[in-house]
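Trainee: Encoded as structure tokens, here's the structure I'll be asking about.
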Amino acid sequence: MSIQADALSSICEIDIDTMDSSYANRINGKPCDMTSNQFLMAAMLCDEANKDIVDGVIAELGKQGWKVVFCRIAALFCKRTLPFIRGRVLVQVSPRGAYDYEDTLSWAREYAKAFEHVGISKDRYAIKIPTTGPAMNAAKQLETEGIATLGTAMFSVTQAVAASQANCYAISPYYNEIKAHGDPSLRINVEDFLTQHPMSNRIAQIRHVYNIEREQNGKKQPQMKPASFVVWQEAMACAMLGSENVTALPPTLDELITISSSALQRDPKADISKEVEVLLNNDPLTGSTSFTKADLPTYKTDYLTNNGAALDAANEADPVTKQRLFDALELFCSFEDQCKTFIEEKLVAV
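In this text, residue positions in the sequence shown follow the UniProt record's numbering: the first is 1, and each later residue adds one.
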């Protein structure tokens with residue numbers, strides 16, 4: 001498979017959403033970043049091919065508890081993939097501490113310690129942080145320590161602004177709700193994803209507010225790395241809407257790499273300014289018929305003060321963000337529990 005010939009790579013970078021180093025190795029023209037989460041970690045832990053790594057870390061660090069073991073194993077999985085990408089490896093803090101400032105810091109620092117131990121420097125990794133008030137405050141602190149962060153579990157423009165205020169290196173808006181991966185009835189089936197998928201509006205709006213802040217105040221904005229795609233056309237839409245990177249699971253990436261130019265609905269470099277203007281002035285996810293870009297959140301509101309109270313209030317006030325954020329955290333908590341149980345059962349056997 002060659003990423004270099006892919007139409008998508010002509011307009012943005014491609015990140016892989018897998019910890020499988022053998023998959024990364026099969027792609028010619030190295031991907032940019034590699035990302036992971038508790039779901040992917042659970043699969044890797046149970047894979048018999050990884051038994052030596054898992055057992056070795058448990059033998060060395062088992063007395064320090066499952067969290068230390070988990071972070072070290074994650075770092076070792078990342079180290080295997082590092083030669084096959086050009087950018088960073090990313091891991092995710094515990095979703096269970098999404099509303100706990102200290103817990104988020106603790107997890108991120110444990111990852112940082114693990115990365116340092118296995119020889120991965122700070123410029124080659126980043127920590128995924130849920131875009132909640134307390135967690136974004138933790139991200140801001142981590143950035144001062146030289147630990148790059150990515151705002152994840154993101155569904156709104158307000159969350160994107162908060163991540164910028166936290167000085168996150170990147171953000172990962174979810175193009176589809178997390179449940180759509182397991183429930184086909186929740187997937188958006190449209191002819192033109194760029195103009196008809198309801199999340200395209202918010203992707204365009206994030207790009208818009210980031211551009212304004214950079215142009216007016218000279219502040220570097222987080223790299224946009226949308227994720228949670230179920231078909232390749234969604235990734236293409238996000239790239240055309242100005243995302244610097246797109247993060248694709250292997251099935252979607254395989255489709256992207258193999259599609260022919262005749263399958264594209266429009267030239268990836270086409271002028272879509274008219275389509276974008278329409279997207280900026282509508283938000284189908286709210287159901288509002290009067291929304292315009294004048295209603296978009298601005299940087300005048302400090303979404304991080306008072307432990308991120310304004311951000312959490314905004315997340316709560318938007319039914320779509322509220323539900324999808326809850327669903328994402330709940331799913332990752334369930335897989336974290338699987339990881340914890342797997343490791344602790346191994347610890348008992350030592």
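Positions of the beta carbon are idealized from the N, C-alpha and C atoms, including for glycine. A quick note: this is a predicted structure, and the numbers were derived from the prediction, not measured.
Give every residue of the same chain whose Cβ lies closer than 8 angstroms to the Cβ of residue 342, excluding the five residues on either side of it in the sequence, and list them in chain order.
Mentor: 42, 45, 46
Trainee: Between which residues of its own chain and residue 101 is the CB-CB distance below 7 angstroms, once the five residues before and five after are set aside?
Mentor: 134, 137, 138, 307
Trainee: Please classify residue 248: is it buried, with 16 or more other beta-carbons within 10 angstroms of its beta-carbon, or exposed?
Mentor: buried
Trainee: Taking the alpha-carbon positions, what's the residue 20 to residue 77 distance?
Mentor: 8 angstroms
Trainee: Pick from 29, 34, 57: whose alpha carbon is nearest that of residue 347?
Mentor: Comparing Cα positions, the closest option is 57.
Trainee: Here's a check: name, in chain order, each residue in its chain whose Cβ is nearer than 7 angstroms to the Cβ of residue 5, leaving out the five neighbours to either side.
Mentor: Note that residue 5 scores a pLDDT of 39, beneath 50, so its modelled location is shaky; the value from the coordinates is reported in the next line. None.
Trainee: Using CA atoms only, rank isn't needed, just tell me which of 125, 273, 156 is closest to residue 323.
Mentor: For the set 125, 273, 156, the Cα lying nearest the Cα of residue 323 is the one of 156.
Trainee: In this structure, does DSSP put residue 5 in helix, strand or coil?
Mentor: The pLDDT assigned to residue 5 is 39, lower than 50, so where the model puts this residue is not dependable; a value taken from the coordinates is nonetheless given after this. Three-state DSSP puts residue 5 in coil, outside helix and strand.
Trainee: Taking the C-alpha atoms as reference points, what is the distance between residue 208 and residue 81?
Mentor: 34 angstroms
Trainee: What separation, rounded to the nearest whole angstrom, lies between the Cα atoms of residue 268 and residue 175?
Mentor: Those two C-alpha atoms are separated by around 19 angstroms.
Trainee: According to the neighbour-count rule (16 or more other Cβ atoms, all chains shown, within 10 Å of its Cβ), is residue 117 buried or exposed?
Mentor: exposed
Trainee: Whose C-beta lies closer than 7 angstroms to the C-beta of residue 221 among residues of the same chain, with five residues either side of it excluded?
Mentor: 164, 210, 213, 214
Trainee: If I measure Cβ to Cβ from residue 333 and keep anything under 7 angstroms in the same chain, skipping five residues before and after, which residues do I get?
Mentor: 95, 96
Trainee: Does the distance from the CB of residue 150 to the CB of residue 126 come in under 7 angstroms?
Mentor: yes
Trainee: My guess is that residue 202 and residue 283 are in contact by the Cβ rule of under 8 angstroms, so how many angstroms apart are they, rounded?
Mentor: 7 angstroms
Trainee: Terminal residues of the continuous alpha helix (DSSP H) containing residue 199?
Mentor: 198-217
Trainee: Rounded to the nearest angstrom, what separates residue 197 and residue 344 at their Cα positions?
Mentor: 43 angstroms
Trainee: For residue 103, which residues of its own chain have a beta-carbon under 7 angstroms away from its beta-carbon, when the five flanking residues on both sides are left out?
Mentor: 94, 97
Trainee: Would you kindly report the start and end of the unbroken alpha helix (DSSP H) that includes residue 15?
Mentor: Note, residue 15: premise wrong, no alpha helix (DSSP H); beta strand (DSSP E) at 13-16.
Trainee: Looking only at DSSP bridge pairs, what is residue 245 linked to?
Mentor: Residue 245 pairs with 13.
Trainee: Compute the Euclidean distance between the alpha carbons of residue 181 and residue 230, then round it to the nearest angstrom.
Mentor: 7 angstroms
Trainee: Nearest to residue 177 by alpha carbon, out of 51, 273, 228, 131?
Mentor: The residue with the shortest Cα to Cα distance from residue 177 is 228.
Trainee: Distance, Cα to Cα, residue 15 vs residue 32?
Mentor: 5 angstroms
Trainee: By alpha-carbon positions, which one of 312, 160, 148, 53 ends up nearest to residue 74?
Mentor: 53
Trainee: Apart from the five residues on each side of it in sequence, which residues of its chain come closer than 8 angstroms, Cβ to Cβ, to residue 352?
Mentor: The requested residue 352 is not part of the displayed model; the chain covers only 1 to 350.
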